[in-house]
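Below you can see the structure in the form of structure tokens.
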């Protein structure tokens, strides 16, 4: 799903394409080869339009990986100093190596670190983890889990109901993990049932979070990480 081509259409919901591909037989790997580029216009060809920001890059990254599958405008074009570029990029203002200091580029490591913290090959997308009615567009929470851990990415901060019985364990430990800076916050221990969660940073505050829930018998994550 090419996130750059539409501001209002379903093209922006790249998780839809991953879910559709995973429903086919035979099952094949899925790659979002061109999600949103940091610093590129939302309409792609009109530099006067707002630019996709680091929070948008995070949203596309977590949506696609959690569903079962980065780019920067100036890095994509490898703009050297003094070289004009397309799609509103300018090598005079920001050559490619300076763009590597931008926030969205450097926040992708938090997604990588999170994925490598848990058993990788048993992980699967599982939207049944989210009980009740899910949100639409930016309010959509997206879930993935293993046998004894689950992860739910919440971009907007809206409240959600999470079915903790989807993984093993009578008791579960839970954390918030910041997609913005990798900060980990221990929430507490919970029973194995549908449980409400909402981060206290506020709605659409730019502090998108991953809810981490782990069987209390497992030690993938420490309470003080």
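In the numbering used here, the protein residues as written are 3 to 227. Yeah, the Cβ is synthetic: ideal placement off N, Cα and C, and Gly gets one too.
Candidates the options: which alpha carbon is nearest residue i's?
i	options	result
residue 189	195, 202, 181, 55	202
residue 163	191, 118, 132	132
residue 186	98, 177, 193	177
residue 21	103, 99, 107, 68	68
residue 106	57, 175, 192	57
residue 184	119, 197, 43	119
residue 104	19, 182, 197, 195	182
residue 100	77, 84, 124, 25	77
residue 49	144, 18, 92, 84	92
residue 55	108, 138, 18, 195	108
residue 196	39, 19, 180, 134	134
residue 39	18, 102, 27, 85	102
Can you give the beta carbon distance from residue i to residue j, rounded, assuming they're within the 8 Å contact cut?
i	j	result
residue 41	residue 60	Not a contact, Cβ separation roughly 14 Å.
residue 128	residue 168	7 Å
Measuring CB to CB, does residue i end up less than 8 Å from residue j?
i	j	result
residue 1	residue 136	Any property of residue 1 remains undetermined from this structure, which presents the chain solely from 3 to 227.
residue 207	residue 165	no
residue 110	residue 63	yes
residue 211	residue 161	no
residue 140	residue 155	no
residue 171	residue 226	no
residue 43	residue 90	yes
residue 122	residue 98	no
Residue i: buried (16+ other C-beta within 10 angstroms of its C-beta) or exposed?
i	result
residue 29	exposed
residue 116	buried
residue 94	exposed
residue 146	buried
residue 142	buried
residue 46	buried
residue 209	buried
residue 113	buried
residue 205	exposed
residue 221	exposed
residue 223	buried
residue 173	exposed
residue 96	buried
residue 175	buried
residue 159	buried
residue 25	exposed
Using 8 Å as the limit for Cβ to Cβ distance, is residue i near chain B?
i	result
residue 88	Absent here is chain B; the protein component of the structure consists of one chain.
Answer yes or no: the CB of residue i versus the heavy atoms of the ligand ZN, is any distance below 7 Å?
i	result
residue 49	In the structure on display, the ligand ZN does not appear, and there are no ligands present to speak of.
For the structure I just gave you, are there three or more beta carbon pairs, one from the segment 150-167 and one from the segment 211-218, closer than 8 Å?
The segment 150-167, when compared against the segment 211-218, does touch it at the 8 Å Cβ threshold.
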